[in-house]
Structure formats: C-alpha cells, structure tokens
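Chains as they are written, first to last, in this note's numbering: chain A, 698 to 841; chain B, 698 to 841; chain C, 698 to 841; chain D, 698 to 841; chain E, 698 to 841; chain F, 698 to 841.
Every residue gets a Cβ at the ideal spot worked out from N, C-alpha and C, and that includes glycine.
Protein chains: 6
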Amino acid sequence: MSTQVPTENLESDPRVKAVFDDIRSTRKTDFINNMWLWLAFDPALLERTWTEVKEVIGKPSSIDPLTKEMIYIAVSVANNCSYCVHSHTAAARAKGMTEEQYGELLAIIGLAGKTNQLATALQVPVDDAFDASATVRRTAAEGS
Amino acid sequence: MSTQVPTENLESDPRVKAVFDDIRSTRKTDFINNMWLWLAFDPALLERTWTEVKEVIGKPSSIDPLTKEMIYIAVSVANNCSYCVHSHTAAARAKGMTEEQYGELLAIIGLAGKTNQLATALQVPVDDAFDASATVRRTAAEGS
Amino acid sequence: MSTQVPTENLESDPRVKAVFDDIRSTRKTDFINNMWLWLAFDPALLERTWTEVKEVIGKPSSIDPLTKEMIYIAVSVANNCSYCVHSHTAAARAKGMTEEQYGELLAIIGLAGKTNQLATALQVPVDDAFDASATVRRTAAEGS
Amino acid sequence: MSTQVPTENLESDPRVKAVFDDIRSTRKTDFINNMWLWLAFDPALLERTWTEVKEVIGKPSSIDPLTKEMIYIAVSVANNCSYCVHSHTAAARAKGMTEEQYGELLAIIGLAGKTNQLATALQVPVDDAFDASATVRRTAAEGS
Amino acid sequence: MSTQVPTENLESDPRVKAVFDDIRSTRKTDFINNMWLWLAFDPALLERTWTEVKEVIGKPSSIDPLTKEMIYIAVSVANNCSYCVHSHTAAARAKGMTEEQYGELLAIIGLAGKTNQLATALQVPVDDAFDASATVRRTAAEGS
Amino acid sequence: MSTQVPTENLESDPRVKAVFDDIRSTRKTDFINNMWLWLAFDPALLERTWTEVKEVIGKPSSIDPLTKEMIYIAVSVANNCSYCVHSHTAAARAKGMTEEQYGELLAIIGLAGKTNQLATALQVPVDDAFDASATVRRTAAEGS
Numbered sequence: 698m699s700t701q702v703p704t705e706n707l708e709s710d711p712r713v714k715a716v717f718d719d720i721r722s723t724r725k726t727d728f729i730n731n732m733w734l735w736l737a738f739d740p741a742l743l744e745r746t747w748t749e750v751k752e753v754i755g756k757p758s759s760i761d762p763l764t765k766e767m768i769y770i771a772v773s774v775a776n777n778c779s780y781c782v783h784s785h786t787a788a789a790r791a792k793g794m795t796e797e798q799y800g801e802l803l804a805i806i807g808l809a810g811k812t813n814q815l816a817t818a819l820q821v822p823v824d825d826a827f828d829a830s831a832t833v834r835r836t837a838a839e840g841s
Numbered sequence: 698m699s700t701q702v703p704t705e706n707l708e709s710d711p712r713v714k715a716v717f718d719d720i721r722s723t724r725k726t727d728f729i730n731n732m733w734l735w736l737a738f739d740p741a742l743l744e745r746t747w748t749e750v751k752e753v754i755g756k757p758s759s760i761d762p763l764t765k766e767m768i769y770i771a772v773s774v775a776n777n778c779s780y781c782v783h784s785h786t787a788a789a790r791a792k793g794m795t796e797e798q799y800g801e802l803l804a805i806i807g808l809a810g811k812t813n814q815l816a817t818a819l820q821v822p823v824d825d826a827f828d829a830s831a832t833v834r835r836t837a838a839e840g841s
Numbered sequence: 698m699s700t701q702v703p704t705e706n707l708e709s710d711p712r713v714k715a716v717f718d719d720i721r722s723t724r725k726t727d728f729i730n731n732m733w734l735w736l737a738f739d740p741a742l743l744e745r746t747w748t749e750v751k752e753v754i755g756k757p758s759s760i761d762p763l764t765k766e767m768i769y770i771a772v773s774v775a776n777n778c779s780y781c782v783h784s785h786t787a788a789a790r791a792k793g794m795t796e797e798q799y800g801e802l803l804a805i806i807g808l809a810g811k812t813n814q815l816a817t818a819l820q821v822p823v824d825d826a827f828d829a830s831a832t833v834r835r836t837a838a839e840g841s
Numbered sequence: 698m699s700t701q702v703p704t705e706n707l708e709s710d711p712r713v714k715a716v717f718d719d720i721r722s723t724r725k726t727d728f729i730n731n732m733w734l735w736l737a738f739d740p741a742l743l744e745r746t747w748t749e750v751k752e753v754i755g756k757p758s759s760i761d762p763l764t765k766e767m768i769y770i771a772v773s774v775a776n777n778c779s780y781c782v783h784s785h786t787a788a789a790r791a792k793g794m795t796e797e798q799y800g801e802l803l804a805i806i807g808l809a810g811k812t813n814q815l816a817t818a819l820q821v822p823v824d825d826a827f828d829a830s831a832t833v834r835r836t837a838a839e840g841s
Numbered sequence: 698m699s700t701q702v703p704t705e706n707l708e709s710d711p712r713v714k715a716v717f718d719d720i721r722s723t724r725k726t727d728f729i730n731n732m733w734l735w736l737a738f739d740p741a742l743l744e745r746t747w748t749e750v751k752e753v754i755g756k757p758s759s760i761d762p763l764t765k766e767m768i769y770i771a772v773s774v775a776n777n778c779s780y781c782v783h784s785h786t787a788a789a790r791a792k793g794m795t796e797e798q799y800g801e802l803l804a805i806i807g808l809a810g811k812t813n814q815l816a817t818a819l820q821v822p823v824d825d826a827f828d829a830s831a832t833v834r835r836t837a838a839e840g841s
Numbered sequence: 698m699s700t701q702v703p704t705e706n707l708e709s710d711p712r713v714k715a716v717f718d719d720i721r722s723t724r725k726t727d728f729i730n731n732m733w734l735w736l737a738f739d740p741a742l743l744e745r746t747w748t749e750v751k752e753v754i755g756k757p758s759s760i761d762p763l764t765k766e767m768i769y770i771a772v773s774v775a776n777n778c779s780y781c782v783h784s785h786t787a788a789a790r791a792k793g794m795t796e797e798q799y800g801e802l803l804a805i806i807g808l809a810g811k812t813n814q815l816a817t818a819l820q821v822p823v824d825d826a827f828d829a830s831a832t833v834r835r836t837a838a839e840g841s
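What follows is the structure, given as structure tokens:
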C-alpha cells in the first residue's frame, strides 16, 4: 500500500527524464528502483534528492563504498524505514558484503540499540573526556 | 541530571570489581567512563553488557575497528542517544577518524535521515529486486 | 496482520454505538475507518480518543483544517506510523491538498529529517537567542 | 533551556487554578511538577491532559500502580523523553520500585532495544501464529 | 518481504541445533518462531541473543512474567517494531493478559506517547525533585 | 556539550565565508546561529544544507512561511531533536505564531503521538479507502 502512485508516462516530463537518464548511466543499468518512481511527481524534489545521493554515496571519498552502505543500513534500521533497510541491504550485498560481515553489522546495530536505551534510561551524564569543547578548554588552560 | 547515582564504593562488590578490572586491562587505561559506573548498581546487567561490548566491538573481525565505531555513531544518532553519540564519536577519533571522514559520515547520516522520511511518507513499496525471499523464489523457478 | 480483531457486533455495546453514531454524523458519512473498529474493544479508550480527535482536529480554530492534517502527516512520518501516514494523507487530500503542496510538504519533512540528524550528531548547543527563559532573564536585566 | 516559560501568576486563570487544585488534592501534596506549569499557558490542553492522566494512571484498575509506572518508564525511554524518564522513574520509586526491580526493568528495556533492532534489520516476517486475524480465520475454518 | 532467508537445513549447524533444542525444551513446544530462524545464519549472534532472552525474560525474578511481556510490548510499540509487537502481544496473552488489561496497557502507551511529545515540544526542564543526584546532594547538605 | 567545536577563524575559508554572507543577506541580520557554525568544518556539507534550506523553506511557495515552520517543529518534536525544536519554535514566533496557535500545534502533536502509538500497538490494517494504488485499481475497474 502506498500514499501515492506514479503516473504512467513519468518520463514525458523532461526534468524527470533527465534524472532517470542520469540514474541509468551512473549505475549502468536500466533498472530504476521504486524510490525514484515515487519521487517523480515532484521534479524539484527528485532532482535535489538524486543530486545529493550521487554526491554523498556515489563519489570516491575517504570512506569506501561498502562501508557507506553499512552505515546507511544502520541509520535505516534505527529509523525503522522498511524500504530503506531492504534497498541498502541489497546494495551492500551488491558491493560485496559477506554473510560474516552482515552478521557482525547486525550484532553492532543490536548492541547499540541496547546500550542506547540503557544510557537513555539512566540518563547517564556525558563524561568530560568525551566533550569536544572541554578538550578545547583544557588545552587552552594547559597552554597558559 | 540523572535517574540514578553510583554509590561511593562500587568496587567493594567483587563482581563489579572484576568487570572494572577487565575494562582497565582490556583498554589499557585507568579511566572508567560513566556508562559502566551507572550500570554497576546491577552487577548482572553490568556483566552481560560488558561481555557483549567486548565480544562485538573489541574482538578482531571482518569489520575494522574504526568502521565499527562509525556504525555505532550512526545508530546512536538515529536513536538520539546523546551519551552514546558523545562516547562513540570520541572513540572513533581515538581510533583514527579524520575530520574528512567525520564530515562524510555526517553527510551519509543526514542524507539517510532525509530519504528515510521520504520513503516513509510515500510508503514506497519495496522492489521485488530487494526482497531476499523473492530471489530464492526466482532461483527456484528458473531451476525448474 | 494485526494483534487484535474487532468482534462482529461491535455496536451491540451502547457506548461503542454512541461513538460510531457521532463519527457518522460529525463526518456526514457511513464510513467508519479501521482505527475506530480496532479501538472499540475498550469503550473507554474509544470514547477518550474520539473526544480528543473531535476537539483538537474537528473544531474551528486558529489553525485551518488543511494545515492541521499536514502537521498530523508530519508527526506520523517522523513517528513512522504507517496507518497514520495513510489515513492523514487521504484526509489532507479530501481537505484540498494539491500535488504541489504535497511535494512541498515532503520536501520539508525530508529536510527536517536531515537537519535533525545533523544537529543530533554534532550535539549543537542551543543558541541563547532561542531560549525562551533566557529572553525572560534578558528582559528582566534590561528592565532593572 | 525551554521553548516557553510559565507566566508568573498562572493561577489567576480560574481554569488553571481548578486543575492545580485538583492535582494538589489528588496527590495530597503542594508540589506541582514542571509539566503542569509548562502546559498552563493553554488551559484546554492542560485540562485534557490532566483528565487523561488521572483517569489512566490514577484510577484503581486491573494493572497495579507500580506496574503502570514501569510501563510508562519503558515507553519514555524508547521515545527518548528525558523529562518523562526522570519524572516516571521518581514516581515508580515513590510507589515502591526496588533497586532489584529497577535493574530488571532496565535489562528488559535494553534487551527489547536490541531484539527490536534485529527484527527490523532482518525484516523478519510475522509468524502466522502471532496474527490475531489468522486465529479467527483458523477457528472459522475448523468450525466449518 | 525480508532482507534474508533462512537456509533449508539450519540445524545441520551444531551450534544452531543446540540453541533450537534449548528453545524447544525451555518452552516445552516444537514451535520455533521466525526470529530464531532468521538469526540462525550467524550462530554467535543467535546464541548471545537467546542466552540473554532466557536470562532476562525466562528466569523467575522480582518482576512477574506477564508484567515483563507488557513492558516488552510497550518498548516495541514505542520503537515501532512490528514483528516484536506481534510476538510479545501473543506472548502476553499466552501468559494470561486479559482484554481489560490489554485495553489499559494501550491507554498507558497512548497517553505516554502524548505526554512524551508534549514534554519534548516544550522542552520542559526536569524538576530538581526528580534528579537522583540532587537527592544525594540535598541529603549530604542536610547531614552536614 | 558538543562532539565538535567550531574553529576560531571559520570565515578564512572562502566557501564558508560565501555561505555565511548569503545567510546574512538572505535573513537581513548579522546573527549566524550555531547550526551553521557547527557545520562549517565541512564546507561541502555546509553548502548543500544551506542551499536546501534556502530552497525548501526560504522560497515563496504554495505553503505559507508560518505553516512551514509549524510543520518543521512537528517533525523535530517527533524526531526528538532539541536544537531543532528550539530554533524552529523561535522562527515560528518570529513569523507571527500566536500563543493560541502554539497551544493548538502542541495539541495536534500530542494527539498524533497518542494515536500513532495506538495504531502501532494494534497494528491496525490500512483501509482500502486510504490506499492510493487501490484508488487507481478501482478507477480502472470502473472504467472497463
């Protein structure tokens, strides 16, 4: 079930067609996944979202592509976005995630879910050692 | 502010002392961060939690230590656990996270926050291509 | 799938019948959506919930009816309630939400999802200018 | 820091005064906690909220008062509401929660945080045995 | 839909078989619910999770079994884990939860959802009376 | 406390200076709120975020400026982002939100928090009438 359905001739809109063409050439496949079909009713939203995905996830950078997808899965699980969990788990596998790595990823996500709730339940105060501004103040004090 | 305060002589309980000693020797430091002080009122909870952290985060495995901390940060942000965001950001830096990597990590977390909410708002249906059980069914059908 | 199923003759309970009658006359339709059928097993919970919906959403007030539904969608997306996203998107359309407004609503929700996670990740401190109690203190100081 | 500050003479509004008087007499104390002071700027919201708290939490019922507070803590932790975690932990202690029970409550909340995220990460399908409507269908089929 | 499918001969792995045997004998039933089938691809994760569930939920303790399940439902609803809501609602019913208790549980969860969001919206400051460390400071001051 | 501190001469980076200059001229004020100071360590992230805020929130459009801020508040409360709740409540007031409107906004957010959790707890199935794709199917069937 969905709150919106894509119209039949999405690519009759030239802005939509341009994004879809870019998705196909960037990913070297004809497959356009539902997320982009569903966003196409608002071409500006589609453009902005694809541009950001291409820049943040697609560009070579200091974090390798598989790690990026595992981070994306982690956020999607914690935010409880079913579509996103499915799509990024598939993407991580396509980028080489092994079953062993997947099991470890889940172990980290599960453990974080547990310790997050314990820290929240106890309202544990942040240690000074973890506060970046305290570090600055300490350094300043030591420097004087 | 906190819902609980650690008692003064936590380590007079031998189970607490054993965990704290293990934290100190595993991490090669005398510093025990607040999370463990706050959990110490229930020694069984303290033991189970530390054992799991040591096994999931501490052991050499198929995901490198820095990546583990970045995944932990991602979950903690999405779960909105202030203590956890602070402690794991500090841990990631201690394990070598650069400012460039930190900026990229935030870009991924922010983008995931955005696309997660868009997918949820539109209730985008999961593509068959992303469904692991569909893959099994397809393979079975092709095999027949 | 559901954790509960409505019994067959819900309206044989006079308290349930009274609420359903009020829903039908208030909304000028015979259609009772599932939310109310599912709550009917506990008549007190049904009454309290309907009374609050009628008062908060149904009454003429300083926020117009369409804006109310768009705010409701926003909360439902952020809380990730699938039923609620569906029912309030339908309600917003019934109250005149255009496709253009819907696209803009999603853009705001998506952007808020992104900046929310960035502010949480960085633990950005609240500016004094945004603190209502600071305003009071400043005014008091200036007045003296 | 707060987004709103209570005015000085809150009880000059007779609707506010009536609610505060009822809080004082119901709880047999002069202490009005901040939640009610902060809601008082909108008397209708204050009245509806206090009426619901009194009915759901205050009335004798099939769930005992301490259990109610522990359930309230659990929801507040999972929703990450700092004020609520503090106030209901204090309330649970006032109603007799022991340190042993508190430790166990945290263990359940932490475990649920973990298994919740694992079930979400794997998108585990709900067993038919847990579906209330399936039970109805099975019963109907067996009856025929 | 799921991100993972259990392999056909899960119990050919002796570690998986040992956990499944323990589930069957602990629960006195042959029924293994999906959660365990889905975790079995990573035997270490399966073992750790089952061990914790058995210790936290299964052992006799200061919180009775039905209350534990109701707390688990509350966390699962607030975390929005559909599988968990289904499985723990079924478990609570199996442990004797009446329709009356279920209605009251929902009333508490719904009310907490409301007051949680109000406290967050207003950023209500925590009363000193609810701060455990303040209590310690007050006691120390009075003692001197 | 914060996980990061802005460096002293942020505007010595020309990309940062360009964004800050644009913020000042767009908003006609010298005040740069913390969010932008904290994002400045990663100029690309700063640029992308400001560009999106300017386009989604700043441009004249089919949703009026005050309604946009109220929607932003609603998302920020549900996502529990303290910084965001503070900054957008201040922005809504600057755009003319009255106390009456603020009270009603809170009433909607609180009610949505409650009904969201009830719908999730009961796993209420979405009515066909709320499913956009069902509408399409119905229309197609009627057309034939």
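request  = Report yes if the C-beta of F738 (chain A) is less than 7 Å from at least one heavy atom of the ligand ADP; otherwise report no.
outcome  = This structure does not include the ligand ADP; it has no bound ligands of any sort.
task = Would you please state the rounded distance, in angstroms, between the beta carbons of L808 (chain B) and V750 (chain A)? I believe it to be under 8 Å.
result = 7 Å
task = Report yes or no: is there a C-beta of chain D within less than 8 Å of the C-beta of I720 (chain E)?
result = no
task = Closer than 8 Å, Cβ to Cβ, to anything on chain F: give me those residues from the region 813-832 of chain E, in chain order.
result = N813, Q814, L815, T817, A818, L819, Q820
Q842 (chain B) - containing alpha helix (DSSP H), residue span = No answer is possible for residue 842 (chain B): the residues shown for chain B start at 698 and end at 841.
inquiry  = My output table needs one value for S841 (chain C): the three-state DSSP class, helix, strand or coil.
reply    = Confidence in S841 (chain C) is poor, its pLDDT being 47 and thus under 50, which makes the residue's placement too unreliable to answer from.
task = Please compile the residues from chain D whose C-beta is within a distance smaller than 9 Å of the C-beta of T795 (chain C).
result = The premise fails here: T795 (chain C) is roughly 31 Å from chain D at the closest Cβ pair, so nothing lies under 9 Å.
task = Below 7 Å between beta carbons is the criterion; list the residues of the region 728-748 of chain F that meet it against any residue of chain B, in chain order.
result = F738, D739, L742
task = Return helix, strand or coil for I720 (chain D), following the three-state DSSP convention.
result = Residue state, collapsed to three classes: helix.
request  = Closer than 9 Å by beta-carbon distance: list the chain D residues that pair up with V716 (chain A), in chain order.
outcome  = Result: empty, since nearest Cβ-Cβ is about 28 Å, beyond 9 Å.
ask   = By the criterion of Cβ-Cβ separation under 8 Å, what are the contact partners of D755 (chain C) in chain A?
value = In the sequence as presented, Asp is not what sits at residue 755 (chain C); that position holds Gly. Here the premise fails: no neighbours, minimum Cβ distance about 22 Å.
Nearest residue (CA-CA) to S759 (chain C), options F:A829, F:K792, F:E796, F:C781 = F:E796
message = Rounding to the nearest angstrom, what Cα-Cα distance links I768 (chain E) and R721 (chain D) in this structure?
response = Looking at the backbone, the Cα of I768 (chain E) and that of R721 (chain D) are separated by about 29 Å.
query = Helix, strand or coil: how does DSSP classify P822 (chain C) here?
reply = coil
ask   = Can you check whether the CB of L742 (chain C) is closer than 8 Å to the CB of L802 (chain E)?
value = Cβ atoms of L802 (chain E) and L742 (chain C): not closer than 8 Å.
inquiry  = On the DSSP letters alone, give me the boundaries of the alpha helix (DSSP H) that T764 (chain D) sits inside.
reply    = 762-776
request  = Report the residue from C:C778, C:V772, C:V774, C:A771 whose alpha carbon sits nearest the alpha carbon of V774 (chain E).
outcome  = C:C778
inquiry  = Am I right that D828 (chain D) and H783 (chain E) are in contact with their C-beta atoms under 8 Å? What's the rounded C-beta distance?
reply    = Right, the Cβ-Cβ distance comes to about 7 Å (below 8 Å), so this counts as a contact.
Exposure of E705 (chain B), with buried meaning 16 or more beta-carbon neighbours within 10 Å = exposed
task = Taking the CB atoms as reference points, tell me whether S830 (chain E) and M698 (chain B) lie closer together than 8 Å.
result = yes
inquiry  = Short of 8 Å in beta carbon distance, which residues of its chain neighbour D710 (chain F), apart from the five on each side in sequence? Order them along the chain.
reply    = A737, P740
key: Test item: CB-CB of L819 (chain C) and Q701 (chain F) under 8 Å   = yes
message = Just to make sure I have the definition right: I need the residues of chain C whose C-beta is within less than 8 Å of the C-beta of V782 (chain E). Which are they?
response = T700
request  = Pick helix, strand or coil for N730 (chain A), following the three-state DSSP scheme.
outcome  = coil
Simplified DSSP assignment, three categories, for E752 (chain B) = Of the three classes helix, strand and coil, the one that applies to E752 (chain B) here is helix, per DSSP.
request  = Using a Cβ-Cβ cut-off of 8 Å, state whether L763 (chain A) counts as contacting chain E.
outcome  = Residue-level contact by beta carbon fails for L763 (chain A) and chain E, as no gap is shorter than 8 Å.
For S758 (chain B), the three-state DSSP class (helix, strand or coil) = coil
message = So for V713 (chain F), helix, strand or coil by DSSP?
response = helix
V702 (chain E) - DSSP class collapsed to helix/strand/coil = coil
request  = Counting only the same chain and skipping the five closest in sequence on each side, list residues whose C-beta sits under 6 Å from that of I754 (chain E).
outcome  = K765
Cβ neighbour criterion (16 or more within 10 Å) applied to A787 (chain F) = The residue is buried, with at least 16 neighbouring Cβ atoms inside 10 Å.
task = Compute the Euclidean distance between the alpha carbons of Q814 (chain D) and G810 (chain A), then round it to the nearest angstrom.
result = Straight-line Cα distance between these residues: approximately 6 Å.
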